[in-house]
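Q:
Residue numbers (the numbering used here): 268 to 482.
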């Protein structure tokens, strides 16, 4: 039986990854798995942009990861398109790290990041959405946070750094209009998923119109 593809988008806030992921899922006839971060924050009685105690932040991040793992297990049978991957969770965790953290909290945060990165092995085809020139406002995020360009770039650099440092197979989706991004993403899925071998082929797209390099 042919395995259905699993595609995971990654990228900073406002990069358009959720919009592209949702549209791509519809185009390919695959289930869409959206982030449950907002829902989980509400369960803990806080807003996603709220400044909270690091211990509560760790608990929330662990719950977000567990929810994602549950969805990913389901996608093993159905295929699917995700608007997040564990690299995102690792980046947002590190973005909250500071020198005032306790030694215990620091150890737990580092352990969480290592766990996230370990879950990227054979997880599916990862596509990094580069930041858009204009930040897309997320309905679940307040305007001040959505407009924080520096913070967005911080998250992007953490994600890009993780992908490069750990040689995580991925493709790069350049900033463009939605339809152009959809066409590029569809092409990446068509070329990058080897149905016979039942595995993801490493495909990195370095830019619009650039050569594709298979390793």
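Cβ coordinates follow ideal geometry from the N, Cα and C atoms, glycine included.
Over what stretch of residues does the alpha helix (DSSP H) that includes residue 425 continue unbroken?
A: 416-432
Q: Please name the residue in 325, 335, 340 whose C-alpha comes closest to that of residue 350.
A: 335
Q: Report yes if the CB atom of residue 307 is closer than 7 Å to the CB atom of residue 372, and no otherwise.
A: no
Q: Tell me the DSSP secondary structure of residue 399 in three-state form.
A: In the three-state reduction of the DSSP assignment, residue 399 falls in the coil class.
Q: Quick check on DSSP: helix, strand or coil for residue 284?
A: helix
Q: Take every Cβ of the stretch 365-383, pair it with every Cβ of the stretch 294-306, and state whether three or more of those distances are shorter than 8 Å.
A: Short answer: they don't touch.
Q: Could you tell me how far apart the beta carbons of residue 310 and residue 271 are, in whole angstroms, since I believe they sit closer than 8 Å?
A: Residue 310 to residue 271, Cβ: 30 Å. No contact.
Q: Please say whether residue 428 and residue 398 have beta carbons closer to each other than 7 Å?
A: no
Q: From which residue to which residue does the beta strand (DSSP E) around residue 274 run?
A: Its beta strand (DSSP E) spans residues 273-277.
Q: Report the three-state DSSP secondary structure of residue 392 (helix, strand or coil).
A: strand
Q: What does residue 300 pair with, by DSSP beta-bridge criteria?
A: 349
Q: Is the separation between the beta-carbon of residue 393 and that of residue 279 shorter than 7 Å?
A: no
Q: How many angstroms separate the CA atom of residue 282 from the CA atom of residue 421?
A: Their backbone Cα atoms lie some 13 Å apart in a straight line.
Q: Taking the alpha helix (DSSP H) that residue 377 belongs to, which residues open and close that run?
A: 370-385
Q: Whole angstroms are fine: how far does the CA of residue 364 sit from the CA of residue 217?
A: The structure shown does not extend to residue 217, since the chain spans only 268 to 482, so no value can be given for it.
Q: What does the Cβ neighbour count give for residue 357, buried or exposed, with the cut at 16 atoms within 10 Å?
A: buried
Q: Which of helix, strand or coil does DSSP assign to residue 313?
A: coil
Q: Grouping DSSP H, G and I as helix and E and B as strand, with all else coil, what is residue 338?
A: helix
Q: Roughly how many angstroms lie between the CA atoms of residue 274 and residue 323, to the nearest whole one?
A: Each residue's alpha carbon lies about 30 Å from the other.
Q: Quick check on DSSP: helix, strand or coil for residue 354?
A: helix
Q: If you draw a straight line from the alpha carbon of residue 447 to that of residue 359, how long is it in whole angstroms?
A: For residue 447 and residue 359, the distance between alpha carbons rounds to 28 Å.
Q: First and last residue of the beta strand (DSSP E) that includes residue 439?
A: 438-440
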